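*Asks:* One structure is given below, represented as structure tokens, and several questions about it will come after.
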Amino acid sequence: MPLAMAGEANAPLAAMVGTSVGAPHLLVVRQPRNRDERFAFAAGLAEHVVGYLESFSGETEAVAVDRGRDVRYRFVDAPQVWVPNGGGVEFLRLFGRSTRFRRVDGEHPVPASVPLLGQWLTFLANSAEVPGSALLANAVQALGLHWATGQSGAEDAHLGSLIAWIEDGAEAARVAERGPVAGPATDPEFDNRVLAPLIAESSPDLKEVLHDLLLPTWQQMWRALDLLRGLPPGARVASRWDGDRDTYSAFVQHLAEDGAPQPRRDGAVAAAARLQRLENAAARYAVQRAFDDPLVMAEYRLTGTAFAGEVTLANPDRIDDSGKRPVLRPRIMVATTEPVRVEPGATLTSPARPAQKARVISVTATPAGFDVLLELSGGMGRKLVAEPGSVPAVGENLLLTTLSEAYRPGASFPDPADTPWTHGGPPEPRTEPSR
Numbered sequence: 001m002p003l004a005m006a007g008e009a010n011a012p013l014a015a016m017v018g019t020s021v022g023a024p025h026l027l028v029v030r031q032p033r034n035r036d037e038r039f040a041f042a043a044g045l046a047e048h049v050v051g052y053l054e055s056f057s058g059e060t061e062a063v064a065v066d067r068g069r070d071v072r073y074r075f076v077d078a079p080q081v082w083v084p085n086g087g088g089v090e091f092l093r094l095f096g097r098s099t100r101f102r103r104v105d106g107e108h109p110v111p112a113s114v115p116l117l118g119q120w121l122t123f124l125a126n127s128a129e130v131p132g133s134a135l136l137a138n139a140v141q142a143l144g145l146h147w148a149t150g151q152s153g154a155e156d157a158h159l160g161s162l163i164a165w166i167e168d169g170a171e172a173a174r175v176a177e178r179g180p181v182a183g184p185a186t187d188p189e190f191d192n193r194v195l196a197p198l199i200a201e202s203s204p205d206l207k208e209v210l211h212d213l214l215l216p217t218w219q220q221m222w223r224a225l226d227l228l229r230g231l232p233p234g235a236r237v238a239s240r241w242d243g244d245r246d247t248y249s250a251f252v253q254h255l256a257e258d259g260a261p262q263p264r265r266d267g268a269v270a271a272a273a274r275l276q277r278l279e280n281a282a283a284r285y286a287v288q289r290a291f292d293d294p295l296v297m298a299e300y301r302l303t304g305t306a307f308a309g310e311v312t313l314a315n316p317d318r319i320d321d322s323g324k325r326p327v328l329r330p331r332i333m334v335a336t337t338e339p340v341r342v343e344p345g346a347t348l349t350s351p352a353r354p355a356q357k358a359r360v361i362s363v364t365a366t367p368a369g370f371d372v373l374l375e376l377s378g379g380m381g382r383k384l385v386a387e388p389g390s391v392p393a394v395g396e397n398l399l400l401t402t403l404s405e406a407y408r409p410g411a412s413f414p415d416p417a418d419t420p421w422t423h424g425g426p427p428e429p430r431t432e433p434s435r
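In UniProt numbering, the protein residues as written are 1 to 435.
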């Protein structure tokens, strides 16, 4: 939980870290504008954070790839770091950028753990940009996905006021009023009235004051985790965590083999490839949330891009022999009272059978709503007889949507050395930045 001086560019003042609500570790910078103290703070933070992050790089498991013809290895678990809000994520990004290029020798040397901490913080901040990633999570965003309030977006960014809407409002509001903002910046009034005199006098009371300032938010962070743990996990959360473990494993391998810090800015090809990965991740996460959460899917049902209905007719043994060879193509009729905004030829998917595609043959208006005739393909086995349960039966309630978890192939990008001049040309060789 980082804290910085208001009005200062990434000047760390304190951080409260730990893996237990009852055992927080407080790190303090007594003179935030002092370079040596800032990097001593970074070294202390690295002692707690890097050790935790590396503690998961032990046991591995084999994962089949290339349709079982090969295997790769990843760690069986991965770390998870929590901050109060998006400001905390941005603080870690900036602090990582200011530390990952520092030298361990020469002028102004720093401990070896400082640039390593910077690389880890940059890795975590980059992962926070990936929709659905849980390596670096912020409590405000996580709570906002599951609870709605009557506040503005700016008010929801305050962890205390957000929890006040979820729990006993009066008591939580009193706690929020006593406590500080959730960081990372301090309150300017607090800076002028309390903090500035303590720093100017190098007062030994500074650590105690900052501890009392941060403790309420620290406790609210753990309360937020308790609230989130009380929710049932989505069916597709585990697969996203597998992706996080892959990402973590790849970064640990990078540190072991190369160890070069992330560049200050991506070249044209790397930036385009990253943008596409983020777009694909956003689309995939939106679909998975809708498939896992009926309330999220309700938004799509209101627009007609998803609808629920009852199967009224089913022909599970239908064979299409119009092509070179006969194929199994069952048809079903779904009656719905909900709005339908799909055209014949559109492809639909049911969350209950995500591997199966349903092509819309016709949409017919009825006094009660619509009859939708669908032709099914996939997810029924390789024979000309559908496997039991693979074709929706008459009387089954079915949810269908234009959303799909189908694989989205990546675009083809040129080699960075072939970057055209219109996009800045080939990237320059990486050099150590000046200090």
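Just so you know, even glycine gets a beta-carbon here, dropped at the ideal spot from N, CA and C.
Given the structure is predicted, the values throughout are model-derived calculations rather than measurements.
For E47, which three-state DSSP category applies?
*Replies:* Your numbering for residue 47 matches position 47 in the sequence shown. If DSSP states are grouped into helix, strand and coil, E47 belongs with the helices.
*Asks:* Is it buried or exposed, A306, if we count other Cβ atoms within 10 angstroms and call 16 or more buried?
*Replies:* Residue 306 sits at position 306 when you count from the first residue of the sequence shown. Its Cβ being crowded by 16 or more others within 10 Å, A306 is buried.
*Asks:* List the endpoints of the continuous alpha helix (DSSP H) containing K207.
*Replies:* Within the sequence shown, numbered from 1, the residue matching residue 207 stands at position 207. Where K207 is concerned, the enclosing alpha helix (DSSP H) stretches over L206 to R229.
*Asks:* Please report the straight-line C-alpha distance between L121 and P216, rounded to a whole angstrom.
*Replies:* The count along the sequence shown starts at 1 and reaches residue 121 at position 121. The count along the sequence shown starts at 1 and reaches residue 216 at position 216. Roughly 25 Å between the two C-alpha positions.
*Asks:* Report, in whole angstroms, the separation of the C-beta atoms of A185 and G87, which I expect to be a contact under 8 Å.
*Replies:* What you label residue 185 is simply residue 185 of the sequence shown in a count that begins at 1. What you label residue 87 is simply residue 87 of the sequence shown in a count that begins at 1. Indeed, because the Cβ distance is near 7 Å, the residues count as touching under 8 Å.
*Asks:* With 16 other CB atoms within 10 Å as the buried threshold, where does Q288 fall?
*Replies:* Within the sequence shown, the letter at position 288 stands for residue 288. Label assigned to Q288: buried.
*Asks:* Quick check: the Cα distance between R329 and T347, rounded to an integer number of angstroms?
*Replies:* Residue numbering aside, residue 329 sits at position 329 when the sequence shown is read from its first letter. Residue numbering aside, residue 347 sits at position 347 when the sequence shown is read from its first letter. Spanning the two alpha carbons is a distance of roughly 14 Å.
*Asks:* What is the residue span of the beta strand (DSSP E) that F370 lies within?
*Replies:* Locating residue 370 in the sequence shown gives position 370, counting from the first residue. Element bounds for F370: F370 to S377.
*Asks:* Would you mind stating whether L159 and A14 have Cβ atoms separated by less than 9 Å?
*Replies:* Against the sequence shown, residue 159 aligns to sequence position 159. Against the sequence shown, residue 14 aligns to sequence position 14. Taking 9 Å as the Cβ cut-off, L159 and A14 do not qualify as a contacting pair.
*Asks:* Just the Cα atoms here: how many angstroms apart are V29 and P204?
*Replies:* Numbered from 1 along the sequence shown, position 29 holds the residue referred to as residue 29. Numbered from 1 along the sequence shown, position 204 holds the residue referred to as residue 204. Taking the straight line joining both Cα atoms gives about 12 Å.
*Asks:* Quick check on A200: buried or exposed, where buried means 16 or more other Cβ atoms within 10 Å of its Cβ?
*Replies:* Here residue 200 is taken as the residue at index 200 of the sequence shown, counted from 1. Answer is exposed; the Cβ neighbour count stays below 16.
*Asks:* Grab me the residues of S434's own chain with a C-beta within less than 8 Å of its C-beta, minus the 5 sequence neighbours each way, in chain order.
*Replies:* Position 434 of the sequence shown holds residue 434. Caution applies to S434, whose pLDDT of 44 falls short of 50 and renders its modelled position unreliable; the value that the coordinates give is listed next. Answer for S434: no residue qualifies.
*Asks:* Apart from the five residues just before and just after V342, which ones in its own chain have a Cβ nearer than 6 Å to its Cβ?
*Replies:* Counting from 1 along the sequence shown, the entry for residue 342 is found at position 342. Same-chain partners within the cutoff: V360.
*Asks:* Pick helix, strand or coil for P433, following the three-state DSSP scheme.
*Replies:* Residue mapping note: residue 433 aligns to position 433 of the sequence shown, counting from 1. Annotation note: pLDDT 47 at P433 (below 50); position unreliable, coordinate value reported separately. P433: coil per DSSP, three-state reduction.
*Asks:* Going by DSSP in three states, residue 490 sits in which element: helix, strand or coil?
*Replies:* In the structure as shown, the chain starts at 1 and stops at 435, and residue 490 therefore has no counterpart that could be examined.
*Asks:* Counting only runs of 3+ residues fully inside the segment 88-154, write out the beta strand (DSSP E) ranges in chain order.
*Replies:* Counting only runs of 3 or more, we get 136-138.
*Asks:* In whole angstroms, what is the alpha-carbon distance linking R38 and P2?
*Replies:* If you number the sequence shown from 1, residue 38 lands on position 38. If you number the sequence shown from 1, residue 2 lands on position 2. Roughly 13 Å separates the two Cα atoms.
*Asks:* Considering H254, what are the terminal residues of the alpha helix (DSSP H) in which it resides?
*Replies:* For the purposes of this step, residue 254 is identified with residue 254 of the sequence shown, where counting begins at 1. H254 -> alpha helix (DSSP H) spans V237 to E257.
*Asks:* Using a threshold of 9 Å, state whether the C-beta atoms of L373 and Q356 are closer than that.
*Replies:* As a working mapping, residue 373 is identified with position 373 in the sequence shown. As a working mapping, residue 356 is identified with position 356 in the sequence shown. No, they are not a contact pair.
*Asks:* Quick one: does the C-beta of E396 sit closer than 8 Å to a heavy atom of the ligand SAH?
*Replies:* As presented, the structure is devoid of all ligands, the ligand SAH included, so that no description of it is given.
*Asks:* Given T337, which residues of its chain have a CB within under 6 Å of its CB, disregarding the five upstream and five downstream residues?
*Replies:* For the purposes of this step, residue 337 is identified with residue 337 of the sequence shown, where counting begins at 1. Closer than 6 Å at Cβ, skipping near neighbours: A368 and G369.
*Asks:* For S412, is the classification buried or exposed, using 16 other Cβ atoms within 10 angstroms of its Cβ as the cut-off for buried?
*Replies:* Taking the first residue of the sequence shown as position 1, residue 412 is located at position 412. Exposed: under 16 other Cβ atoms inside 10 Å.
*Asks:* What three-state label does DSSP hand D415 in the structure shown?
*Replies:* Within the sequence shown, the letter at position 415 stands for residue 415. Of the three classes helix, strand and coil, the one that applies to D415 here is coil, per DSSP.
*Asks:* Just the C-alpha distance for N280 and T60, rounded to the nearest angstrom, thanks.
*Replies:* Taking the sequence shown and counting its residues from 1, the one referred to as residue 280 is at position 280. Taking the sequence shown and counting its residues from 1, the one referred to as residue 60 is at position 60. Going by the C-alpha atoms only, they are around 27 Å apart.
*Asks:* Checking 9 Å against the spacing of the C-beta atoms, do I166 and L198 come in under that value?
*Replies:* The sequence position of residue 166 within the sequence shown is 166, counting from 1. The sequence position of residue 198 within the sequence shown is 198, counting from 1. No, they are not a contact pair.
*Asks:* Could you tell me which uninterrupted beta strand (DSSP E) segments, each at least 3 residues in length, are contained entirely in the segment 18-91, listed from first to last along the chain?
*Replies:* Runs of the beta strand (DSSP E) inside the segment 18-91: 25-28, 60-65, 70-75 and 81-83.
*Asks:* Count Cβ pairs between the segment 311-318 and the segment 390-407 that sit closer than 8 Å; are there 3 or more?
*Replies:* The segment 311-318, when compared against the segment 390-407, does touch it at the 8 Å Cβ threshold.
*Asks:* Counting Cβ pairs closer than 8 Å, one from the segment 260-275 and one from the segment 320-335, do we hit at least three?
*Replies:* As far as the Cβ criterion goes, the segment 260-275 does not touch the segment 320-335, which means the pair count is below three.
*Asks:* Excluding five sequence neighbours on each side, which residues of the same chain lie with their C-beta closer than 6 Å to the C-beta of P6?
*Replies:* Mapped onto the sequence shown, residue 6 falls at position 6. Per the sequence shown, the amino acid found at residue 6 is Ala instead of Pro. Here the set comprises A185, T186, P188 and D191.
*Asks:* Apart from the five residues on each side of it in sequence, which residues of its chain come closer than 6 Å, Cβ to Cβ, to M16?
*Replies:* Position 16 of the sequence shown holds residue 16. M1, P24, L26, L214 and W218, listed in sequence order.
*Asks:* Sort out for me which residues DSSP pairs S350 with in a bridge.
*Replies:* As a working note, residue 350 is residue 350 in the sequence shown. Answer is R353.
*Asks:* First and last residue of the alpha helix (DSSP H) that includes V334?
*Replies:* Locating residue 334 in the sequence shown gives position 334, counting from the first residue. Here V334 belongs to no alpha helix (DSSP H); instead the beta strand (DSSP E) covers R331 to T336.
*Asks:* Can you name the start and end residues of the alpha helix (DSSP H) that A160 belongs to?
*Replies:* The count along the sequence shown starts at 1 and reaches residue 160 at position 160. Correcting the residue identity first, residue 160 is Gly in this sequence and not Ala. Segment L159 to I166, the alpha helix (DSSP H) holding G160.
*Asks:* Just confirm the distance between the C-beta atoms of Y285 and A78, as a whole number of angstroms; I'd bet it's less than 8 Å.
*Replies:* On the sequence shown, residue 285 is found 285 positions in, with the first residue counted as 1. On the sequence shown, residue 78 is found 78 positions in, with the first residue counted as 1. Incorrect: roughly 18 Å between the Cβ atoms, too far for contact.
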